[in-house]
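2 protein chains.
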Amino acid sequence: MVKEIMADTLVTDEKGAKILLAEIIHTDYLFAYIGRIIYGKTGLQNIYVFENNFWGRMLFINNGLQFTSRDEFIYHEALVHIPVQASPENSIKRVLICGGGDYGASRELLKYPQIEEVIIVDIDPQIPKIVEEYFPELLPKNPKDPRLKLIVADAYEMVKEYKEKKQLFDMVIIDSTDPDITITGVTHELSHALFGEDFHQMLYEICPKGIIVQQCGTPFTMKNILVETYKTFKKVYPEKEIYCYRANVPSFGGDNAYLMRCPYPNPEIPKWEEIPNTYYYTHEIHKTSFGLPKYWREVLK
Amino acid sequence: MVKEIMADTLVTDEKGAKILLAEIIHTDYLFAYIGRIIYGKTGLQNIYVFENNFWGRMLFINNGLQFTSRDEFIYHEALVHIPVQASPENSIKRVLICGGGDYGASRELLKYPQIEEVIIVDIDPQIPKIVEEYFPELLPKNPKDPRLKLIVADAYEMVKEYKEKKQLFDMVIIDSTDPDITITGVTHELSHALFGEDFHQMLYEICPKGIIVQQCGTPFTMKNILVETYKTFKKVYPEKEIYCYRANVPSFGGDNAYLMRCPYPNPEIPKWEEIPNTYYYTHEIHKTSFGLPKYWREVLK
Chain A
1 MVKEIMADTL VTDEKGAKIL LAEIIHTDYL FAYIGRIIYG KTGLQNIYVF
51 ENNFWGRMLF INNGLQFTSR DEFIYHEALV HIPVQASPEN SIKRVLICGG
101 GDYGASRELL KYPQIEEVII VDIDPQIPKI VEEYFPELLP KNPKDPRLKL
151 IVADAYEMVK EYKEKKQLFD MVIIDSTDPD ITITGVTHEL SHALFGEDFH
201 QMLYEICPKG IIVQQCGTPF TMKNILVETY KTFKKVYPEK EIYCYRANVP
251 SFGGDNAYLM RCPYPNPEIP KWEEIPNTYY YTHEIHKTSF GLPKYWREVL
301 K
Chain B
1001 MVKEIMADTL VTDEKGAKIL LAEIIHTDYL FAYIGRIIYG KTGLQNIYVF
1051 ENNFWGRMLF INNGLQFTSR DEFIYHEALV HIPVQASPEN SIKRVLICGG
1101 GDYGASRELL KYPQIEEVII VDIDPQIPKI VEEYFPELLP KNPKDPRLKL
1151 IVADAYEMVK EYKEKKQLFD MVIIDSTDPD ITITGVTHEL SHALFGEDFH
1201 QMLYEICPKG IIVQQCGTPF TMKNILVETY KTFKKVYPEK EIYCYRANVP
1251 SFGGDNAYLM RCPYPNPEIP KWEEIPNTYY YTHEIHKTSF GLPKYWREVL
1301 K
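Chains A and B, in that order, give the protein sequences. First residue of the first sequence? That's 1 in this note's numbering, and the numbers climb one at a time after it. First residue of the second sequence? That's 1001 in this note's numbering, and the numbers climb one at a time after it.
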């Protein structure tokens, strides 16, 4: 019975049929959703859109949940507003998003009129198209905002090019799928290179004075991503410039971790004016996002 | 197929057989666990103990997960150390726990040598017995600690008696199952009365000068418990003495909410010395537990 409901087997189901979709969270622990697959395709990555009464629409990539209509705002607001507001006021003009083809991070960045240019570099051309059709709420308020540029390319190669051309950014956001997680049997994720030392060495060169922030999964069920990424950060950035913060994204099954290289003091103090059009982020939540449970602190030693 | 795996049908399964257990979190959204029911009995409440590779042992009451071996420490440490440490140093001698027959809250309280008496009043005699046998890690370090008293009785009636006898407490903890949640079809929970105005009026009399703290479920999936309990608190306690804090308990599927009546200023500042034998709680996490997401603040207006 268990095997029958594994997500792997579901993309072959007829679209429109109501099914029980199971997502493997850990050994013998699954999330199950009743609903319909309304889009499913295997290209560079195996992608489907699922419709569920509670979560609304859900995007799965390689059988891992990326976001839901109901709580993506938490993930994206924490990813963007905390590093922006930790930077000196009005200091951010030009931002690079590695991954983030779902537009969510760009939607948040473009809420600041002070930000002049946002470049998304995502490897998979399917993602922006799916979001435009199935998740229009993730698009920036003005979907044709002239400040936004979308490039379909491997972020690793693109960053190499920016480095060679000495193009600089005020902030870099790495908004990718989780890297290899052996427990689920996934052996290759396109995002793998974006968690490596080489990549961060290049980011340091194209963003020498700004914040570099990376999403690091849900440590309670996948501690290795945070621990390994922290090791990478320590190899590349000064230790006193490395900070970890968190946000509870309920559909991920626990607090999501974000690692940040921040050269400015006291990142827990927000520096910009509070903006009104958020649903998770406030200056109050900013100040408290850097408080970590003891069992997280212990793995970050 | 969905019906087959509902938890309701499982208590009749043969013990020891490996099964897929599903817990209804919300409409069409379930958590599923592969493992074995190692204890199952219907008395005052429908109770079973489930063994799972990831979570360890899990206690279910009326098909709702109460705690797991793997993350109960978060729930219990947040429930106890935040109110204790928000009180003036060494001010707590006598504590009443309404519910809490699983011993977890008492285990945390008894870590403070300054606390002289802890009384647990739980209605269900099954719970302490099950914990003694299946979850010995929830027992206080010294299970025969002379400071601890366990009374099997209805906390509502017992509090009435304390009130009539003018017995006072320095702190009251309400550590119960979640009250009625219509979505799952549960129509009666024994804990219901512990969320009412009458009960809190009596608590105010037996604990006029101390903290009264109540667990309020997981607002993301059951917002009504927090909202309704907040209304009750506002009817009974001065509004400026009401605080909400949170802790991420991954097995609950999101942040758990705690409401606290606290007559002391600045509860977000810990007042006691930090104790070493915790796994979640630190003064760092204390200070940041009162920061709430914007969408929580909005329902607490």
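By construction, the Cβ of each residue, glycine as well, lies at the ideal position given by its N, Cα and C atoms.
Alpha-carbon spacing of residue i relative to residue j, whole angstroms
i	j	result
residue 1197 of chain B	residue 212 of chain A	50 Å
residue 190 of chain A	residue 266 of chain A	34 Å
residue 1275 of chain B	residue 224 of chain A	28 Å
residue 1291 of chain B	residue 132 of chain A	34 Å
residue 1207 of chain B	residue 1172 of chain B	7 Å
residue 1102 of chain B	residue 1136 of chain B	10 Å
residue 118 of chain A	residue 1216 of chain B	41 Å
residue 79 of chain A	residue 226 of chain A	15 Å
residue 8 of chain A	residue 114 of chain A	Caution is warranted here: a pLDDT of 44 is assigned to residue 8 of chain A, below 50, making its placement in the model unreliable, and no coordinate value can be reported.
residue 1123 of chain B	residue 1156 of chain B	9 Å
residue 1021 of chain B	residue 1069 of chain B	17 Å
residue 256 of chain A	residue 214 of chain A	11 Å
residue 300 of chain A	residue 1150 of chain B	40 Å
residue 1138 of chain B	residue 1081 of chain B	16 Å
residue 1094 of chain B	residue 1204 of chain B	15 Å
residue 1083 of chain B	residue 1268 of chain B	10 Å
residue 58 of chain A	residue 285 of chain A	26 Å
residue 1045 of chain B	residue 1019 of chain B	22 Å
residue 1192 of chain B	residue 1055 of chain B	28 Å
residue 236 of chain A	residue 1154 of chain B	59 Å
Beta-carbon separation (whole angstroms), residue i vs residue j, contact threshold 8 Å
i	j	result
residue 1247 of chain B	residue 1075 of chain B	7 Å
residue 271 of chain A	residue 32 of chain A	In fact, because the Cβ distance is near 43 Å, the residues do not count as touching under 8 Å.
residue 1053 of chain B	residue 1040 of chain B	Not a contact, Cβ separation roughly 19 Å.
residue 72 of chain A	residue 104 of chain A	6 Å
residue 1108 of chain B	residue 1147 of chain B	Their Cβ separation, rounded to whole angstroms, is 13 Å, which puts residue 1108 of chain B and residue 1147 of chain B out of contact at 8 Å.
residue 51 of chain A	residue 61 of chain A	Rounded, the Cβ-Cβ distance is 16 Å, inconsistent with contact.
residue 250 of chain A	residue 1067 of chain B	Contact flag wrong, Cβ pair sits at about 18 Å.
residue 241 of chain A	residue 262 of chain A	6 Å
C-beta neighbour in chain B for residue i, strict 8 Å
i	result
residue 28 of chain A	yes
residue 33 of chain A	yes
residue 22 of chain A	yes
Cβ of residue i within 8 Å of any chain A Cβ
i	result
residue 1288 of chain B	yes
residue 1294 of chain B	yes
residue 1279 of chain B	yes
residue 1272 of chain B	no
residue 1229 of chain B	no
residue 1253 of chain B	yes
residue 1275 of chain B	no
residue 1284 of chain B	yes
residue 1250 of chain B	yes
residue 1053 of chain B	yes
residue 1291 of chain B	yes
residue 1220 of chain B	yes
Beta-carbon gap between residue i and residue j smaller than 8 Å
i	j	result
residue 1140 of chain B	residue 1110 of chain B	yes
residue 304 of chain A	residue 174 of chain A	Outside the shown range of chain A, which is 1 to 301, sits residue 304 of chain A, and nothing can be said about it.
residue 176 of chain A	residue 245 of chain A	no
residue 49 of chain A	residue 130 of chain A	yes
residue 195 of chain A	residue 218 of chain A	no
residue 1091 of chain B	residue 1178 of chain B	no
residue 294 of chain A	residue 1281 of chain B	yes
residue 1253 of chain B	residue 1025 of chain B	yes
residue 278 of chain A	residue 77 of chain A	yes
residue 163 of chain A	residue 202 of chain A	yes
residue 199 of chain A	residue 159 of chain A	yes
residue 243 of chain A	residue 222 of chain A	no
Cross-strand partners of residue i (DSSP beta bridge)
i	result
residue 149 of chain A	A:119
residue 36 of chain A	A:18 and A:51
residue 264 of chain A	None, per the DSSP bridge assignment.
residue 1247 of chain B	B:1256
residue 1041 of chain B	B:1047
residue 68 of chain A	A:58
residue 23 of chain A	A:31
residue 1217 of chain B	Its beta-bridge partners do not exist; DSSP assigns none.
residue 1222 of chain B	Beta-bridge pairing links residue 1222 of chain B to no other residue.
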